[in-house]
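Working notes for the structure below.
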Amino acid sequence: GNSVTQMEGPVTLSEEAFLTINCTYTATGYPSLFWYVQYPGEGLQLLLKATKADDKGSNKGFEATYRKETTSFHLEKGSVQVSDSAVYFCALSHNTNAGKSTFGDGTTLTVKP
Amino acid sequence: DAMVIQNPRYQVTQFGKPVTLSCSQTLNHNVMYWYQQKSSQAPKLLFHYYDKDFNNEADTPDNFQSRRPNTSFCFLDIRSPGLGDAAMYLCATSRGPQGTSGYTFGSGTRLTVV
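First to last, the sequence lines map onto chains A and B.
Going left to right, the first sequence walks through residues 1 to 113 as our numbering numbers them.
Going left to right, the second sequence walks through residues 114 to 227 as our numbering numbers them.
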């Protein structure tokens with residue numbers, strides 16, 4: 001079946017540091033890949049997505065590239081801010097599974113001033 | 114703005130007392146999902162509707178039911194809440210079952226069972 005493995009947290013960084021959160025997946029065929037962000041007490045928000053190999057999703061300074069050869073979709077940001085502190089979820093969706101998403105366990109990011 | 118709205122944001126219910134959580138959407142999306150999330154863990158899918166077609170996950174307890182009276186609204190009914198049902202309940206929508214567009218989530222309802 002489908003699965004998503006995320007880098008374990010929590011991750012603590014200083015403001016303006018470089019961020020990488022690793023995500024690898026297992027799925028047959030060509031799933032769509034997503035990163036969601038969840039701020040404290042809120043629902044998840046779609047941060048970025050990629051629907052085919054070598055696509056790069058980007059939003060708010062975050063980027064992730066769909067790497068089929070390594071089955072990865074690592075999240076990166078060049079300079080984090082305190083406001084980026086949140087939980088980040090990697091997810092995949094497969095059209096053979098009625099579009100249902102499989103989520104990773106989430107990575108908690110704390111950015112200190 | 115088109116959005117997904119969950120009511121209430123916080124719900125306190127007594128052990129064993131039925132409770133209903135609601136979700137509405139103005140996106141006109143075909144698919145609506147209910148997820149259970151505990152302590153910032155991965156959300157766990159309970160069930161989803163594709164239009165009027167209901168799809169239950171195999172491990173969703175019978176205690177959880179859902180209704181979708183029209184495109185805009187979807188309800189989660191917990192018939193006899195136990196302490197283990199305390200969680201954040203998330204409603205999400207997507208345009209279709211292809212899975213390429215991602216989900217739009219509501220802000221969630223945090224359920225406390227006392």
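Every residue gets a Cβ at the ideal spot worked out from N, C-alpha and C, and that includes glycine.
Given the structure is predicted, the values throughout are model-derived calculations rather than measurements.
1) Based on Cα-Cα distance, which residue from 7(A), 106(A), 111(A), 14(A) lies nearest to residue 38(A)?
2) Is residue 80(A) helix, strand or coil when you go by DSSP?
3) What residue does the beta strand (DSSP E) around residue 223(B) start on, and which one ends it?
4) Look at the alpha carbon of residue 206(B) and the alpha carbon of residue 216(B), and state the distance between them as a whole number of angstroms.
5) Mind checking the stretch 67-93 of chain A against chain B and listing, in chain order, the residues whose C-beta falls within less than 9 Å of any C-beta there?
6) Here's a check: name, in chain order, each residue in its chain whose Cβ is nearer than 6 Å to the Cβ of residue 32(A), leaving out the five neighbours to either side.
7) Pick from 16(A), 48(A), 80(A): whose alpha carbon is nearest that of residue 91(B)?
8) My assumption, with CB atoms under 8 Å, is that residue 23(A) sits in contact with residue 72(A). Please give the rounded CB distance.
9) Given that residue 216(B) touches chain A, what residues does it touch there, using C-beta distances under 7 Å?
Looking at the coordinates:
1) To locate residue 38(A), count along the first sequence from 1; it is residue 38. That would be 106(A), whose Cα lies nearest to the Cα of residue 38(A).
2) Start at 1 with the first residue of the first sequence, and residue 80(A) comes out as number 80. Looking at residue 80(A) - three-state DSSP - the assignment turns out to be coil, as it is neither helix nor strand.
3) In the second sequence, residue 223(B) corresponds to position 110, counting from 1. Here the beta strand (DSSP E) through residue 223(B) covers 222-226.
4) Within the second sequence, residue 206(B) is the residue found at index 93, counting from 1. Within the second sequence, residue 216(B) is the residue found at index 103, counting from 1. Going by the C-alpha atoms only, they are around 5 Å apart.
5) Considering only beta carbons, the part of the stretch 67-93 of chain A lying closer than 9 Å to chain B consists of 87, 89, 91, 92, 93, in chain order.
6) Locating residue 32(A) in the first sequence gives position 32, where the first residue counts as 1. Excluding sequence neighbours, residue 32(A) sits near 51, 93.
7) Any property of residue 91(B) remains undetermined from this structure, which presents chain B solely from 114 to 227.
8) For the purposes of this step, residue 23(A) is taken as the residue at position 23 of the first sequence. For the purposes of this step, residue 72(A) is taken as the residue at position 72 of the first sequence. 6 Å between Cβ atoms; contact.
9) What you label residue 216(B) is simply residue 103 of the second sequence in a count that begins at 1. 46, 101, listed in chain order.
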